[in-house]
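Novice: My questions all concern the structure below.
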Amino acid sequence: MALSRLAELHGVATSYSPSPDRVVPAAESAVVAALAALGVDASGPEAVRTALEEAEAGQAARLLPPTVVLRSAAPSADPRTAPELAALPRAPGSA
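Quick note on this note's numbering: the sequence shown kicks off at 867 and runs consecutively.
In structure tokens:
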């Protein structure tokens, strides 16, 4: 259960569907390997608990869930100077 929740928080699938009417659970070792590739230690029960606590704390600290913002603009509009974007904070190192 904890490994599944940890995988969910990191966007790692715990099952796959090879056909429309069949769902196959992913091997635990594959989920652990996918998490390791993302820099998450899930090598044992204690590591999973620790990583899950950190991921859930990070999730709780977010002001908003991950969000995609789309806007419509005239073809000639420069998206870097659009007035509706002027109030948004800039990422470090961006112009």
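We put the beta carbon where it would ideally sit given N, CA and C, even for glycine.
Keep in mind it's a predicted model, so treat the numbers as computed, not measured.
Starting from the N-terminal side, write out each stretch of the beta strand (DSSP E) that is 3 residues or longer and does not extend beyond the segment 868-895.
Specialist: With a minimum length of 3 residues, the continuous beta strand (DSSP E) runs that stay inside the segment 868-895 are 881-885 and 888-891.
Novice: With proline 911 as the anchor, note down where its alpha helix (DSSP H) starts and where it stops.
Specialist: Counting along the chain, the alpha helix (DSSP H) containing proline 911 begins and ends at 911-927.
Novice: Rounded to the nearest angstrom, how far is the Cβ of alanine 900 from that of valine 878, given a contact under 8 angstroms?
Specialist: Confirmed, about 5 angstroms.
Novice: Given a threshold of 16 other Cβ atoms within 10 Å of its Cβ, counted over all protein chains shown, does alanine 969 qualify as buried or as exposed?
Specialist: There is no way to answer for residue 969, as the model of the chain reaches only from 867 to 961.
Novice: How big is the Cα-Cα spacing for leucine 922 and threonine 880?
Specialist: Before going on, a small fix: residue 922 reads as glutamate here, not leucine. Straight-line Cα distance between these residues: approximately 18 angstroms.
Novice: Should leucine 872 be labelled buried (16 or more other beta-carbon atoms within 10 Å of its own) or exposed?
Specialist: That one is buried.
Novice: Just verifying my parser: in three-state terms, what is the DSSP assignment at valine 935?
Specialist: Residue state, collapsed to three classes: coil.
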